[in-house]
Amino acid sequence: MSTPSINETHDIKLRSWVDAANDGKSDFPIQNLPYGVFRRAGKTDDFHGGVAIGDQILDLAAASRANLFSGDAAEAAQLASAYTLNSFMDADPSLGAALRLALSRLLREDSALEGRARACMLPMKDAEMGLPATIGDYTDFFASVFHATNTGSMFRPDNPLLPNYKHVPIAYHGRASSIRVGSSVAPQAFPRPLGQTKPADAPAPLFGPSKRMDYELEVGVWIGHGNALGSRIPVTEAQQHVFGLCLLNDWSARDIQGWEYQPLGPFLAKNFASTISPWIVTTEALAPFRAPAFARPEGDPQPMPYLDSEDNRNSGAVDMQLEVLLLTQKMRDDKQAPTHLSSSNFKDSYWTLAQMVAHHTVGGCDLHAGDFFGSGTMSGPGKDQYGSLLELSWGGKNELTLPNGETRTFLQDGDTVILRAHCERAGYARIGFGDCAGTVLPAVL
Ligand code: MN
C-alpha cells in the first residue's frame, strides 16, 4: 500500500457538533482534520499542536491531559501536543491514522465525549498560529511544465524548455530559516529586499530595493518519516513519507534573480521570506482526491524506472484547486475585497509528490521529519492559470488592470498576496487548506 485508502473518516455524511464545520463552505469540515501549532493570541505560552474543525481548534495537549484518546491514538496525540509536530510527523503513519479515526469519532455530532472535548476548544479567532515543524531542510522543485515553458520562453524564445526538464525533477535547495506562517488574519509581513540588479541597459550593476517583486503559487510538502543517509526511498513507498500538504508562496525578486541566478541558481532572490499556510492537510485526508499522474503528450519521454510505478501513474497526482488573490493598500483603504488574479490545479504538475521524494533520495540523501518541499510555481496551460506575476505580465511587458483601476506588473509596497486551495469531488466532502497570506512592506534602507 503506498497511498492511504478511503475509510469511515472520509464519509460525506459525517457531521460535527462544531456547527461551523457543517456549512459546506468551511475549509475544515470533519473529513479534513488538519494539524497545526497554536497558542492563545497575545500570550507568550509555548505553541503546541491542535486540529482545525470549523472555526475552532481542538487543543491536542488539553485533550491528551483529559484522556480523550486511548491506545495508538493517545500515543499520537501526545506526540502532536509538543511545541512542534516533528516527532508526530516522524511516527509510523499507522499512528497518525489511529489519531485521525479517534478525532473523527470524538468530533462527530453523536460523540459521547462532546462535553469533555468542548472544554479543549479554542476559537480560531483567539489563536496565534506558529510554524508547525522545525524545518531542517527546504527544497523547491520546478514541477509545472507550463511554468517552466513560460519562464524559459521569455529568455529563450526558440528553446523554452531545457533538455533535462522531462527527464529530471528539477529543484534547488532553498533557505529554511526565513519560512513563516501567514494567513489573511495575520499575514507574514516582510520588507522589500535589497540586492544587486543589472538592468539590460545599465553599464554596471546597481544596488537597491528590488523593483520586480513577485509571488509564486506553490504547494508545500511536509515530509514525514525520513530515510537513513545512503539509503533511498523507492517511488512505490514515497507516499508514506509525505505527511501532508499546505500552501507556499515562494516570494521572488525577479530583478535580483535575473542577475545572480547563473550559474548556480536562485540565492538572495528567494531567501528573504517564504510564506506557508498554517494548517497541514494530511495525506490521508487527501485520499479521495488522488488523480492520475500528468498525461505526458505523445513524444515526451517516459519517466525512468526509478520514477515510475503503476500506483504513481494511476493516482500520483492530487486534484487540488489553487487560487491567487491580491489585496492592495488602496483596496484595503477602500474596504474592498481581495481581487482574483489566477487559478490552477496541482494535478497539472508534470512531476508527482512520489517522484519528487524518490528523486530527492535516489543518490542517498537523507530526508527527515519536518523537511519541506515546494512544488514549484503551479501554472496551468491557460493564460488565466499562471502562478506568478512574471507570467501574468509576461516579464513585465503587459500591465494588469485591477477591477478598481489600479495597475500592476510586479508587486507594490502594501500589497498582500493571498493563496487559497481546496479539493472537491462528487460523493466526498469539500476540504480546504485555509489561506496563505503575506504583505510586502517598504524596503528598510
Ligand atoms: Mn519557487
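If you want our numbering, it's the position in the sequence shown, counting the first as 1, plus 1137.
Note that beta-carbon positions come from the ideal geometry of N, C-alpha and C, so glycine has one too.
Self-check item: Contact test: residue 1514 Cβ vs the ligand MN heavy atom, cutoff 7 Å
Solution: What you label residue 1514 is simply residue 377 of the sequence shown in a count that begins at 1. Because some heavy atom of the ligand MN lies under 7 Å away, the Cβ of residue 1514 counts as near it: yes.
Practice problem: Run the CB neighbour count on residue 1409, radius 10 Å, all protein chains shown included, and call it buried at 16 or more, exposed below. | Solution: Taking the first residue of the sequence shown as 1, we reach residue 1409 at position 272. Under this definition residue 1409 is a buried residue.
Exercise. Name the one or two DSSP bridge partners that residue 1557 has.
Key: Counted from its first residue, the sequence shown places residue 1557 at position 420. For residue 1557, which the question treats as bridged, DSSP gives the partners 1460.
Quiz item: For the ligand MN, is there a heavy atom less than 7 Å away from the beta-carbon of residue 1397?
Solution: Numbered from 1 along the sequence shown, position 260 holds the residue referred to as residue 1397. For the ligand MN, not one heavy atom lies less than 7 Å from the Cβ of residue 1397.
Exercise. Using only alpha-carbon positions, find the residue among 1375, 1398 and 1417 that is nearest to residue 1452.
Key: The residue you call residue 1452 lines up with position 315 of the sequence shown. The candidate whose alpha carbon is nearest that of residue 1452 is 1375.
Practice problem: Tell me whether residue 1237 is buried or exposed, calling it buried when 16 or more other Cβ atoms sit within 10 Å of its Cβ. | Solution: As a working note, residue 1237 is residue 100 in the sequence shown. Residue 1237 is buried by the Cβ-count criterion.
Quiz item: Does any heavy atom of the ligand MN sit closer than 7 Å to the C-beta of residue 1353?
Solution: Here residue 1353 refers to the residue found at position 216 when the sequence shown is read from its first residue. Yes, the Cβ of residue 1353 comes within 7 Å of a heavy atom of the ligand MN.
Quiz item: Apart from the five residues just before and just after residue 1595, which ones in its own chain have a Cβ nearer than 6 Å to its Cβ?
Solution: Since the first residue of the chain shown is 1138 and the last is 1582, residue 1595 is not available in this structure.
Exercise. Note the first and the last residue of the continuous alpha helix (DSSP H) segment covering residue 1498.
Key: The residue labelled residue 1498 in the question sits at position 361 within the sequence shown. Looking at the DSSP string, the run of the alpha helix (DSSP H) that includes residue 1498 is 1490 to 1498.
Quiz item: residue 1239 CB to nearest chain D CB: under 8 Å?
Solution: The structure shown contains no chain D; it holds only a single protein chain.
Quiz item: Can residue 1402 be considered in contact with the ligand MN, in the sense that its beta carbon sits closer than 7 Å to one or more heavy atoms?
Solution: Start at 1 with the first residue of the sequence shown, and residue 1402 comes out as number 265. Checking every heavy atom of the ligand MN against the Cβ of residue 1402, none is found closer than 7 Å.
Exercise. May I ask you to check if the CB of residue 1511 is nearer than 7 Å to at least one heavy atom of the ligand MN?
Key: In the sequence shown, residue 1511 corresponds to position 374, counting from 1. Yes.
Quiz item: For residue 1471, does the count of other Cβ atoms within 10 angstroms reach 16, so buried, or fall short, so exposed?
Solution: By one-based count along the sequence shown, residue 1471 stands at place 334. Its Cβ having fewer than 16 others within 10 Å, residue 1471 is exposed.
Self-check item: Unbroken stretches of the alpha helix (DSSP H), 4 residues or longer, contained in the segment 1219 to 1256
Solution: 1223 to 1227, 1230 to 1244 and 1251 to 1255
Quiz item: Per DSSP, which one or two residues make a beta bridge with residue 1312?
Solution: What you label residue 1312 is simply residue 175 of the sequence shown in a count that begins at 1. Paired residues: none, contrary to the question.
Quiz item: Counting Cβ pairs, one atom from each stretch, are 3 or more of them under 8 Å apart for the segment 1189 to 1206 and the segment 1273 to 1287?
Solution: no
Quiz item: Where residue 1182 and residue 1241 are concerned, what is the direct C-alpha to C-alpha distance, given to the nearest angstrom?
Solution: Mapped onto the sequence shown, residue 1182 falls at position 45. Mapped onto the sequence shown, residue 1241 falls at position 104. Between residue 1182 and residue 1241, the C-alpha separation is close to 28 Å.
Quiz item: From residue 1275 to residue 1468, what distance separates their C-alpha atoms?
Solution: Counting from 1 along the sequence shown, the entry for residue 1275 is found at position 138. Counting from 1 along the sequence shown, the entry for residue 1468 is found at position 331. Approximately 34 Å between the Cα atoms of the pair.
Practice problem: May I ask you to report which of helix, strand or coil DSSP gives residue 1477? | Solution: Taking the first residue of the sequence shown as position 1, residue 1477 is located at position 340. Looking at residue 1477 - three-state DSSP - the assignment turns out to be strand.
Practice problem: Taking only the alpha-carbon atoms, compute the straight-line gap between residue 1505 and residue 1378 and give it to the nearest angstrom. | Solution: Stepping through the sequence shown from its first residue, residue 1505 is reached at position 368. Stepping through the sequence shown from its first residue, residue 1378 is reached at position 241. Each residue's Cα considered, the two are about 9 Å apart.
Quiz item: For residue 1474, does the count of other Cβ atoms within 10 angstroms reach 16, so buried, or fall short, so exposed?
Solution: Position 337 of the sequence shown, counting from 1, holds the residue named residue 1474. Residue 1474 comes out exposed.
Exercise. Tell me, please, whether the segment 1304 to 1322 touches the segment 1563 to 1573 by the rule of three or more beta-carbon pairs shorter than 8 Å.
Key: yes
Self-check item: For residue 1260: DSSP bridge partner residues
Solution: Counting from 1 along the sequence shown, the entry for residue 1260 is found at position 123. DSSP output for residue 1260 lists 1193 as bridge partner(s).
Quiz item: Which two residues bound the contiguous beta strand (DSSP E) that contains residue 1177?
Solution: Here residue 1177 is taken as the residue at index 40 of the sequence shown, counted from 1. From DSSP, the beta strand (DSSP E) with residue 1177 extends over 1172 to 1177.
Quiz item: Hey, residue 1523 and residue 1403: beta-carbon distance below 8 Å or not?
Solution: Numbered from 1 along the sequence shown, position 386 holds the residue referred to as residue 1523. Numbered from 1 along the sequence shown, position 266 holds the residue referred to as residue 1403. Their beta carbons are not under 8 Å apart, which means residue 1523 does not touch residue 1403 by this criterion.
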